[in-house]
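Working notes, beginning with the structure itself.
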Amino acid sequence: MSRNEAHRIVERIARESYGRLVALLAVRTRDVATAEDLLAEAFAAALEQWPTQGVPSNPDGWLVTVAKRRHLDALRRGQVRVNGEPHLQMLASEIEEASHLSEELPDRRLALMFACAHPLIERGARAPLILQTVLGITAKAIASAFLVSPASMGQRLVRAKLHIKASGIPFSVPDRHEMPERLNAILEALYAAYSTGWDESEGASELAPEAIWLSRLIATLLPEEPEAKALLAMMLYTEARRGARRDAQGCYVPIDSQDVELWDRSLIGEAENLLHACNRSGPTGRYQLEAAIQSAHVARRLTGANCWPAIVSLYDHLVALTNSPVAVLNRAAAVAEIAGPDAALAELRAIATDKRILGYQPYWATVGHLNLRAGNIETGCEALRVAIGLSTDNAVRQHLRQLLPS
Amino acid sequence: MNYMMLIHHDDAALAKANQKELWTDYAAFNEALAKAGGRSGVRLQPASAATSVRVREGKTEIIDGPYADTKEKLAGYFMIETDSVDDAVAWAQRCPSARYGTIEVRPIHEQK
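If you read the protein sequences in the order shown, they are chains A and B. Our numbering puts the first sequence at residues 2 to 407. Our numbering puts the second sequence at residues -7 to 104.
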């Protein structure tokens, strides 16, 4: 095990413990900000000390003991306004009780996540809020991943926490009839975090393992929900290809040119198992469809089977379900493989004036690519140049430049 | 919201860049900007060509060079209208100059 890996595992344990304690306290007090404040310094100390000194035998107890000591120091110096002592006392006795009965602390992170992704919380704040409260990631690190200034990310998070406290947003797992919509908000937030983390850029790429970890958590905590499993499967299919998407020069490699030997087969295997499990147990939702499409692409490359008709029909369902222009775009790319570029371009006319898609780099790359294949050189080049102009990833820009006929 | 995107360059860093690639990327960026309804603004001559003027107590002072003597100097601007500051930041990130300098995203004072 490398040092880095060991460090990661220790950090994981610290985050796990921190998230459970914040959740426990926030659910009791309805006050996320205070819960975080009380544990923040202890958590920072854990991240600093555990990698060199080892993980204590009772990580929860360690964190609360340090938090209590720091809190008392701050009280003596008159630096804290809220008297958090009773909160910390409550956590301490709960931990002690649990260890006497050799039980685990109740895990309230699910309730915390449902509060963070509540419909009353603005959409753009949900993923950052979950990352901060459940994993203890700093506002600064979240801001740099989501390309927002640290100050405005900080404000967004503070506002959201005030909102939770003031508007009486519930800390509970919704009942059956509310579940699909409420769960969808969490999954959407985690998906946003993962997509951000798909970027190679510094700050962003660290979000991918966090998003996967949170998806694993929610798939475990809600074993009856097929969409939670499906989202995790989708992330794992994508993650399995991470090592193959750049060549030795750092240039972007599209899936059809990727060396499948570089794919992580154990992640693919896990994704396949999840997909089978979720298809067994429930209706076909958005993430199940997207995971099935990923599975078909993997099968296509690994077995050489012609999966394009299946992919197109999965996209048919996805378009009907989501009415998303991105689904229409990806469907058209699959249609091109069966019916040729002209048929695909004809389908794209349906979204050519959709404002949501005009700033979307893959749209212009696909339009450019299809036009070149159809022999419309000038239109193709123009679209490819727009795609280059929209791309912020040098590897992608380089790939697109190579497509331009010189 | 309307934003003016102020481009600040470190001229030395810019000169070191692959010029052909830089200007190809700039042409592509301007094309994408135009498609999104943005306006490509102006490119200024180097800051060394600037003259700064101020009037104090009726006395005019004329100074050679730019107003602010910083490593990265104002080099031009472009305009974009977006729904949120996040989208404006995304445009700043796309601008090739962001790789050799800094893009300042400034909301424009709207006339009420």
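Where is the CB? At the ideal position from N, CA and C, for every residue including glycine.
Of all residues in the region 122 to 142 of chain A, those with a C-beta nearer than 8 Å to a C-beta of chain B are G125, reading in chain order. If you check each beta-carbon in the region 353 to 382 of chain A against every beta-carbon of chain B, the ones closer than 8 Å belong to L359, G360, W365. In this structure, L263 (chain A) lies near A245 (chain A), with their beta-carbon atoms less than 9 Å apart. Within the same chain, and ignoring the five residues on either side of A99 (chain A) in sequence, the residues whose Cβ sits closer than 6 Å to its Cβ are L106.
In this structure, the alpha-carbon of A93 (chain A) lies about 58 Å from that of G29 (chain B). At a beta-carbon threshold of 7 Å, none of the residues of chain A lie near R35 (chain B); the nearest stands roughly 16 Å away. For Q90 (chain A), the closest of A:L76, A:D108, A:A68 by C-alpha to C-alpha distance is A:A68.
Taking 9 Å as the CB threshold, G390 (chain A) lines the interface with chain B.
Neighbours of L148 (chain A) in chain B, taken as residues whose beta carbon is under 8 Å from its own, are D78, V81, A82, Q85 in chain order. At a cut-off of 9 Å between beta-carbon atoms, R160 (chain A) makes no contact with chain B.
Here DSSP, grouped into helix, strand and coil, assigns L121 (chain A) to coil. Between P227 (chain A) and G286 (chain A), the gap from beta carbon to beta carbon is short of 9 Å. One Cα belongs to D257 (chain A), the other to L276 (chain A), and the distance between them is close to 22 Å. Under the rule that a run must span 4 or more residues, the alpha helix (DSSP H) segments found entirely inside the region 315 to 355 of chain A read 326 to 340, 342 to 349.
According to DSSP, K65 (chain B) shares a beta bridge with B:H1.
Within the model, the alpha-carbon separation for E379 (chain A) versus T354 (chain A) is close to 20 Å. Secondary structure at F147 (chain A): coil, using DSSP grouped into helix, strand and coil. Using a Cβ-Cβ cut-off of 7 Å, K27 (chain B) is close to L359, V387 of chain A, given in chain order.
T221 (chain A) and L233 (chain A) have their C-alpha atoms roughly 10 Å apart.
The Cβ of N(-6) (chain B) sits no closer than 9 Å to any Cβ of chain A. No Cβ of chain A is located within less than 9 Å of the beta carbon of A5 (chain B). Look at S153 (chain A): its C-beta is under 9 Å from a C-beta on chain B.
For K51 (chain B), the enclosing beta strand (DSSP E) starts and ends at 51 to 56. The CB of F21 (chain B) comes closer than 7 Å to the CB of G390 in chain A, given here in chain order. At least 9 Å separates the beta-carbon of M114 (chain A) from that of L208 (chain A). For S32 (chain B), the secondary structure class from DSSP, reduced to helix, strand or coil, is strand. Interface criterion met: the Cβ of T393 (chain A) is under 9 Å from a Cβ in chain B.
Residues of the same chain with a CB within less than 6 Å of the CB of R35 (chain B), apart from the 5 flanking positions on each side, are G68 in chain order. Between E13 (chain B) and chain A, the shortest Cβ-Cβ separation is below 9 Å. Annotated three-state conformation of S44 (chain B) is strand, per DSSP. Proximity of A24 (chain B) to chain A, defined by a Cβ-Cβ separation below 9 Å, is satisfied.
Against D56 (chain B), chain A offers no close residue; the least beta-carbon distance is about 35 Å (beta-carbon pairs closer than 7 Å). Contact between the region 52 to 60 of chain B and the region 9 to 28 of chain B is absent, with fewer than three C-beta pairs closer than 8 Å.
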